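Counted from 1, the sequence shown has number 137 at position 138 by numbering that gives the first Met the number 0; the numbering is strictly sequential.
We put the CB at the ideal spot given by N, CA and C, even for glycine.
Here the structure is a predicted model, which means the values were calculated and not measured.
Everything below concerns the one structure shown next.
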Amino acid sequence: MVDGDFTALMSAADPAMIVVTTAVEGEPAGCLVGFHAQSSVLPAHYAVRLSKAIHTYRVGLRASHFAVHLLSVHDIALAELFGTRSGMDTDKFSGLDVDLGVAGVPLLGACPHRLLLERITLLDDGGDHVGVSGKVLSAQSPGRLEPLRLSAVAHLRAGHDSAERAIRP
Ligand SMILES: Cc1cc2nc3c(=O)[nH]c(=O)nc-3n(C[C@H](O)[C@H](O)[C@H](O)COP(=O)(O)O)c2cc1C
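Here it is as structure tokens:
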């Protein structure tokens with residue numbers, strides 16, 4: 000049985016926030032993510048968890064590459080855009096400075112601290128999020144990063160409730 004102590008422990012950890020982007024067949028996607036971590040040292044691997052409710056997951060199911068952008072304390076507006084809006088009804092990339100990386104993965108010019116991942120696995124372990132683990136193809140960190148943490152954006156209302164699922168015809 001999970002009680003309030005679990006939520007309290009997770010809040011106390013206060014993870015750094017990232018924006019994960021990906022693309023498939025020219026369709027870009029991206030969302031704010033708090034569930035993520037390094038998952039291997041040698042070779043370097045990184046893992047993120049994507050909600051089954053969201054557009055980024057649906058695109059990510061078929062995607063080969065992902066970018067992980069570590070947000071700074073100055074990126075609250077980006078956190079809000081990527082965490083509260085959905086690519087199902089909004090072009091989140093419109094008006095942003097975006098370069099296209101490997102396989103068309105959007106790279107956000109405003110977020111130069113980033114990793115580029117080549118997908119290794121996508122794991123559904125029965126929860127409401129799936130795990131995507133990737134080989135780190137490149138890492139960029141130009142200068143010091145003061146991370147944007149969960150405590151600064153916990154008030155945001157996610158674009159999708161994690162219990163949502165695609166409507167089946
Ligand atoms: C503080 C915060 C943390 C979040 N963490 C995650 C996460 O770890 N994984 C995830 O898939 N979604 C997470 N979300 C939810 C998505 O970012 C949100 O539902 C987004 O609108 C999905 O966009 P999309 O439908 O374009 O993919 C988080 C949202 C917020 C506000």
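Check your understanding: Count the other CB atoms within 10 Å of the CB of MET87; is the residue buried (16 or more) or exposed (fewer)?
Key -> If you draw a 10 Å sphere on the C-beta of MET87, you find fewer than 16 other C-beta atoms in it, and that means exposed.
Review point. If CYS30 sits next to THR55, beta carbons under 8 Å apart, how far is it from one beta carbon to the other, in whole angstroms?
Key: The pair is a contact, with the Cβ atoms about 4 Å apart (cut-off 8 Å).
Review point. So, helix, strand or coil for HIS54, using DSSP?
Key: Three-state DSSP puts HIS54 in a helix.
Review point. Is GLY59 helix, strand or coil when you go by DSSP?
Key: Three-state result, GLY59: helix.
Exercise for review: Measure the Cβ-Cβ separation of LEU155 and THR89 and say whether it is below 8 Å.
Suggested key: Contact flag unset, no.
Practice item. Provide the residue span of the alpha helix (DSSP H) that contains GLY3, from first to last. Key: Segment 3-12, the alpha helix (DSSP H) holding GLY3.
Point to revise | Heavy atom of ligand 1 within 7 Å of ARG84 beta-carbon | key: For ligand 1, at least one heavy atom lies less than 7 Å from the Cβ of ARG84.
Review point. Of all the beta strand (DSSP E) runs that stay within the bounds of the segment 94-125, which reach a length of 3 or more residues?
Key: For the segment 94-125, whole beta strand (DSSP E) runs of length 3 or above, ordered along the chain, are 97-99, 105-107, 113-122.
Exercise for review: Keeping to the same chain, check which residues put their C-beta closer than 6 Å to that of ALA62; ignore five residues upstream and five downstream.
Suggested key: Cβ neighbours of ALA62 beyond the five flanking positions: THR21, VAL23.
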